[in-house]
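Residue numbering for the sequence shown is 9 to 287, as defined by the working numbering. Only one structure is covered here, and it is reproduced in the block below.
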Amino acid sequence: MTLAAVRYLEKFESVDGLTSYLFPVDDYEYEPSQAFRRSEAPVVGADYAIDFLGAAPWPKAVGEEAVRFTIWGASAADADAQFDTCATTLRRVGLGKLYQVDSATTRRWCWAKLLARPSYLVDVNGYFNVPVTLRFARYSDWFAAAPTAGSVTITATPFPFTITNPGSAPAHFAVFRFRANSAAGFTNPSLTNLTNGYSFASGRDAVSVDSELKLDTERMQVLWTNTNGAVYADDYALVSLGPTQVGFMQLEPGPNAMQYADGGAPNLDLEWSFYAPYH
């Protein structure tokens with residue numbers, strides 16, 4: 009059963025997708041919340057406070073996702089069994105994916121963990137109906153269910169192109185793959201986001217058509233292979249980043265003006281993939 013309603017929590021699922029708990033929708037209520045980490049301090053003799061981040065937004069604290077529903081039991085034993093299944097399944101998942109769905113069945117997910125043992129209420133009028141409350145700690149933005157992916161073939165330097173982030177929040181997590189199409193497919197490759205100034209450069213040169221440089225911004229990982237991805241090796245030592253940026257690369261919401269530059273005559277495919285993030 010689904011709800012014809014604004015976006016609500018649908019289920020909690022393990023990372024491997026093998027364990028899942030679908031939230032019942034009887035007497036359903038969903039209440040998300042998230043504080044911001046305030047960077048401020050009072051000043052003696054002055055009103056209010058000094059905000060150390062100025063016009064910039066405060067960082068996000070861990071979010072909290074609360075969902076409430078009623079378990080309808082055929083008997084007292086059945087109600088107890090359903091609650092035990094709920095508590096055991098959610099506890100066993102640990103860190104997993106919490107899914108939202110809207111009235112158009114469009115899904116988003118986030119990294120989350122059960123914050124406390126599920127609570128329930130018993131009263132004289134409840135009979136075999138058990139009102140349950142769940143609270144989850146949310147450790148990420150919401151992400152689109154399917155990744156946004158694309159590629160360009162580069163045979164000139166500098167090479168401008170555009171990556172569009174369809175989400176409403178900056179994308180910090182993405183994978184970029186520089187894949188050579190010739191023995192000298194890339195030489196000292198660099199990638200710059202002209203929209204926000206983020207840049208990434210490497211001193212690595214391709215040596216065959218099987219050469220690839222892989223940049224994983226979520227894991228802060230740079231990998232090199234000359235076996236077409238059969239074996240990767242760490243290549244972080246050859247990396248240089250922009251002087252003031254946090255992380256390897258960031259894609260702002262909407263179109264991002266990107267530019268690839270090369271120290272030789274480039275002949276490569278540049279591929280990217282990321283889950284569009286939402287606040």
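Quick reminder that beta carbons are idealized off the backbone N, C-alpha and C, glycines included.
Under the three-state reduction of DSSP, which class applies to residue i: helix, strand or coil?
{"i": "Y36", "result": "coil"}
{"i": "L259", "result": "strand"}
{"i": "F31", "result": "coil"}
{"i": "Y128", "result": "strand"}
{"i": "A64", "result": "coil"}
{"i": "T4", "result": "Summary: the structure shown does not reach residue 4, with the chain confined to residues 9 through 287, and so no result is reported for it."}
{"i": "Y6", "result": "No information on residue 6 is available, as it lies outside the stretch 9 to 287 that the chain covers here."}
{"i": "L98", "result": "helix"}
{"i": "D86", "result": "helix"}
{"i": "F136", "result": "coil"}
{"i": "A157", "result": "strand"}
Report the rounded CA-to-CA distance for residue i versus residue j, giving the unit in angstroms.
{"i": "E226", "j": "A85", "result": "46 Å"}
{"i": "T165", "j": "A145", "result": "46 Å"}
{"i": "F44", "j": "Q229", "result": "28 Å"}
{"i": "K105", "j": "S248", "result": "33 Å"}
{"i": "V33", "j": "T78", "result": "8 Å"}
{"i": "T195", "j": "M266", "result": "18 Å"}
{"i": "T200", "j": "D277", "result": "16 Å"}
{"i": "S281", "j": "D55", "result": "48 Å"}
{"i": "T113", "j": "A154", "result": "13 Å"}
{"i": "A269", "j": "S207", "result": "11 Å"}
{"i": "L17", "j": "Y135", "result": "26 Å"}
{"i": "N275", "j": "D213", "result": "12 Å"}
{"i": "P251", "j": "Y36", "result": "49 Å"}
{"i": "A95", "j": "N204", "result": "45 Å"}
Just grab the DSSP bridge partners of residue i for me.
{"i": "A179", "result": "L259"}
{"i": "S198", "result": "A209 and A269"}
Could you tell me whether the stretch 68 to 79 touches the stretch 34 to 44, where touching means 3 or more Cβ pairs closer than 8 Å? Judged by Cβ distances under 8 Å, the stretch 68 to 79 makes contact with the stretch 34 to 44, as three or more pairs qualify.
Does the count of Cβ pairs from the stretch 206 to 222 and the stretch 186 to 197 closer than 8 Å reach three? Inter-segment contact for the stretch 206 to 222 and the stretch 186 to 197 is present: three or more beta-carbon pairs are separated by less than 8 Å.
If you pair each beta-carbon of the stretch 115 to 133 with each one of the stretch 157 to 173, do three or more pairs fall below 8 Å? By the Cβ rule, the stretch 115 to 133 does not count as touching the stretch 157 to 173, because fewer than three pairs are nearer than 8 Å.
Quick test of the definition: if touching needs 3 or more C-beta pairs under 8 Å, does the stretch 130 to 142 touch the stretch 231 to 246? With the cut-off at 8 Å, the stretch 130 to 142 and the stretch 231 to 246 do not touch.
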